[in-house]
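Shown next, in structure tokens, is the structure this report addresses.
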Amino acid sequence: MVPVTPSDLAEPLRVLVVCTGNICRSPAAERLLAAGLGAAYRGRDAAGGLAPAIEVGSAGTGAMVGHPMTDEIAALVAAQGVDPRNFEARQLVAGMVQQADLVLALTRRHRSAIVELVPAAVRRTFTLRELARLAIDVDPATLPGSNATTADRLRALIPVAAARRGLAAHRPVDDDVVDPYRGDAALYEKSFGQLLPAVETIVAAVRR
27 MVPVTPSDLA EPLRVLVVCT GNICRSPAAE RLLAAGLGAA YRGRDAAGGL APAIEVGSAG
87 TGAMVGHPMT DEIAALVAAQ GVDPRNFEAR QLVAGMVQQA DLVLALTRRH RSAIVELVPA
147 AVRRTFTLRE LARLAIDVDP ATLPGSNATT ADRLRALIPV AAARRGLAAH RPVDDDVVDP
207 YRGDAALYEK SFGQLLPAVE TIVAAVRR
């Protein structure tokens with residue numbers, strides 16, 4: 027039997043990813059982030075029944091509730107060695123945002139909708155690509171050191187990135203991830219090609 031320590035019982039750091047239908051972009055980012063961060067994703071129990079240090083979930087502003095990922099996005103996720111199965115879309119509600127430590131929107135419009143729903147979440151809500159862009163310029167020395175966990179470093183990154191957002195000279199035009207729903211293979215590949223590097227950048231910033 028695995029011994030349980032107080033840290034095992036601590037509340038996890040919760041990441042929420044948001045798009046529109048919650049069947050393409052946000053579930054892909056959910057599963058990729060969970061894999062990269064060594065986190066649990068919604069619907070999967072942590073190994074040994076212990077509470078994970080990080081949980082990643084997703085939702086949609088106009089969700090196709092109960093639907094799985096589209097076949098096209100599931101194939102792209104699987105090609106990265108990440109399991110796309112057993113996913114069900116869910117509708118975004120205020121409680122999800124209130125419980126999240128970090129909210130990642132797939133477009134600036136989604137980010138605005140999230141902040142309108144829960145104004146207090148403004149400092150912990152970013153677009154996925156925005157957080158990646160800000161994370162690149164964060165001095166690793168400002169984050170907890172080698173003895174810290176990935177959750178510790180991600181938790182520390184959030185306020186640092188929020189502070190850097192105000193220093194930007196202008197808002198880039200490419201913070202959005204294009205919606206591939208009902209598009210062809212090329213559009214799915216374009217969308218996935220926009221979100222995957224952002225996920226990888228965020229993971230690289232907090233993993234040691």
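When we follow the numbering used here, the leftmost residue of the sequence shown carries the number 27, and every step to the right adds one. Backbone N, C-alpha and C define an ideal beta-carbon position, used for all residues, glycine too. No experiment lies behind these values; they were computed from the predicted model shown.
*Per DSSP, what kind of secondary structure is Phe113 in: helix, strand or coil?*
The residue given as residue 113 occupies position 87 in the sequence shown. Reduced to three states, the DSSP call for Phe113 is coil.
*asked:* Under DSSP, the alpha helix (DSSP H) around Thr227 begins and ends at which residues?
replied: Along the sequence shown, read from residue 1 onward, the residue named residue 227 stands at position 201. Here the alpha helix (DSSP H) through Thr227 covers Ala211 to Val232.
*Could you tell me the boundaries of the alpha helix (DSSP H) in which Ser52 lies?*
Translated into the one-based positions of the sequence shown, residue 52 becomes position 26. Arg51 to Leu63 is the extent of the alpha helix (DSSP H) around Ser52.
*Nearest candidate by alpha-carbon position, reference Ile184, set Glu156, Arg134, Arg111 and Leu102*: Start at 1 with the first residue of the sequence shown, and residue 184 comes out as number 158. Of the candidates Glu156, Arg134, Arg111 and Leu102, the one whose C-alpha sits nearest the C-alpha of Ile184 is Glu156.
*Per the contact definition of three or more C-beta pairs closer than 8 Å, is the region 49–56 in contact with the region 80–98?*
yes
*For Arg96, which option in Ala126, Arg233, Ala89 and Ile49 has the closest C-alpha, if you only look at C-alpha atoms?*
As a first step, residue 96 must be located in the sequence shown, where it is residue number 70. Reading the sequence as shown, one finds Thr at residue 96 and not Arg. The shortest Cα separation from Thr96 among Ala126, Arg233, Ala89 and Ile49 belongs to Ile49.
*If you run the structure through DSSP and keep just helix, strand and coil, what is Arg40?*
Translated into positions along the sequence shown, residue 40 becomes position 14. Looking at Arg40 - three-state DSSP - the assignment turns out to be strand.
*So what does Leu130 bridge to, in DSSP terms?*
Residue 130 sits at position 104 when you count from the first residue of the sequence shown. Looking at the DSSP assignment, Leu130 forms a beta bridge with Val43 and Phe152.
_Given a cut-off of 8 Å on the beta-carbon distance, is the pair Ile228 and Ala161 in contact?_
To locate residue 228, count along the sequence shown from 1; it is residue 202. To locate residue 161, count along the sequence shown from 1; it is residue 135. Contact flag set, yes.
*So Thr151 and Val119 are in contact, right, with Cβ under 8 Å, and what is the actual spacing, rounded?*
Position 125 of the sequence shown holds residue 151. Position 93 of the sequence shown holds residue 119. Incorrect: roughly 15 Å between the Cβ atoms, too far for contact.
*asked:* Quick check: Thr46 and Thr87, are their CB atoms within less than 8 Å of each other?
replied: Counting from one through the sequence shown, the residue named residue 46 turns up at place 20. Counting from one through the sequence shown, the residue named residue 87 turns up at place 61. Cβ atoms of Thr46 and Thr87: closer than 8 Å.
*Using a Cβ-Cβ cut-off of 7 Å (strictly less than) and excluding sequence neighbours within five positions of Val186, which residues of its own chain qualify?*
Mapped onto the sequence shown, residue 186 falls at position 160. Correct list, in chain order: Val164 and Thr168.
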